[in-house]
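A.B. asks:
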Amino acid sequence: ISTELKEVLAMSDRILVMSKGAITGEFSRAEATEEKLVAASAIGHGLAGAANQNGEAQINEHN
195 ISTELKEVLA
205 MSDRILVMSK
215 GAITGEFSRA
225 EATEEKLVAA
235 SAIGHGLAGA
245 ANQNGEAQIN
255 EHN
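Quick note: the sequence shown, position 27, residue 221 per the working numbering, numbers continuous.
#1: Contact check, LEU210 vs GLU220 under 8 Å by CB: the rounded distance?
#2: Give every residue of the same chain whose Cβ lies closer than 8 Å to the Cβ of ARG223, excluding the five residues on either side of it in the sequence, and list them in chain order.
#3: What number of angstroms, rounded off, separates the C-alpha of THR227 from the C-alpha of GLU198?
#4: Excluding the five sequence neighbours on either side, which residues of its own chain have a C-beta within less than 6 Å of the C-beta of ALA234, listed in chain order?
#5: Under the DSSP definition of a beta bridge, which residues are partnered with ARG208?
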């Protein structure tokens, strides 16, 4: 378990992203990027449209 994205990407074969106690993303090392991990984390924080189908961050806050 780590919040250091560079460390996670350097050490992991498979990455699960958790936010507020729920798994919000699962990536192989080959497909994982910092942007995809951040977008998956944002999903658990109520940010709509956190990632598109390619895993690219598209964050829109709704108040």
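Ideal placement from N, C-alpha and C gives every residue a C-beta, glycine not left out.
As the structure is a prediction and not an experimental result, all values here were calculated from the model.
C.D. replies: Straight from the coordinates:
#1: The beta-carbon distance between LEU210 and GLU220, rounded to whole angstroms, is 5 Å. This is short enough to meet the 8 Å contact definition.
#2: Sequence-distant Cβ neighbours of ARG223 in its own chain, meaning closer than 8 Å and more than five residues away, are LEU203, SER206, ASP207, ARG208 and ILE209.
#3: Each residue's Cα considered, the two are about 13 Å apart.
#4: Short of 6 Å from the beta carbon of ALA234, and not among the five residues preceding or following it, lie these beta carbons of its own chain, in chain order: VAL211, THR218 and GLY219.
#5: According to DSSP, which records beta bridges pairwise, ARG208 is partnered with SER222.
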